[in-house]
Amino acid sequence: MSFNGNMFLVEKRKSQDGGKEQRAKQVIETEEAKKLITFKMIEEDDLELYKNMIVTYHVETKGGVDYITWTIDYELINADNPHPTALLNYFIEFTKETEVYIFG
1 MSFNGNMFLV EKRKSQDGGK EQRAKQVIET EEAKKLITFK MIEEDDLELY KNMIVTYHVE
61 TKGGVDYITW TIDYELINAD NPHPTALLNY FIEFTKETEV YIFG
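Residue 1 is where the sequence shown starts when you use UniProt numbering, and the numbers rise one by one after that.
Below, the structure is given as C-alpha cells:
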C-alpha cells in the first residue's frame, strides 16, 4: 500500500463466489469534509467485464442519525456481461456484519 495525501493505492487478493482467488488493485480517495470514500478499481480480474468500476461510500447525518450510502458505478464492456451482483452481495453482508458489531 502506498499513501499520497488523501489517496491510497492498495493491492490485495480476495475470494469471490466459488472460492476463486482474484487480484485487485484500487485507488482509495478520502474526502473527510464530505464524509466520502471512493474506491476506483484500476486493476482487477473482473475488470475484463467492465470498462470502469467506482465504488463510493458516503455518510450523511440527518437528525443526529448517520446514514450510509454505497454506490457502485460501472459500465459493462459487453451488454451480455453479468452485472457485479457478487460485489453487491459483499456490501450487503459487510453492512449486516457492521451493524451487528456496532449494535450487538
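Every residue gets a Cβ at the ideal spot worked out from N, C-alpha and C, and that includes glycine.
Only a predicted model underlies this, so the values are computations on that prediction, with no experimental measurement involved.
- According to the DSSP assignment, N52 belongs to the beta strand (DSSP E) that extends over 50 to 62.
- Beta-bridge annotation (DSSP): K34 is not paired with any residue.
- Taken atom to atom, the span from the alpha-carbon of V55 to that of K40 is near 7 Å.
- Secondary structure of A86 (DSSP, three-state): helix.
- In this structure, Y74 and Y50 form a Cβ contact; the two beta carbons are roughly 5 Å apart against a cut-off of 8 Å.
- Membership of D73 in the beta strand (DSSP E) is indicated by the continuous run 65 to 76.
- Per DSSP, the beta bridge partners of F39 are I28, V55.
- Counting only the Cα atoms, L76 lies some 30 Å from T98.
- Between E60 and T71 a beta carbon distance of about 12 Å is seen, past the 8 Å cut, so the two are scored as non-contacting.
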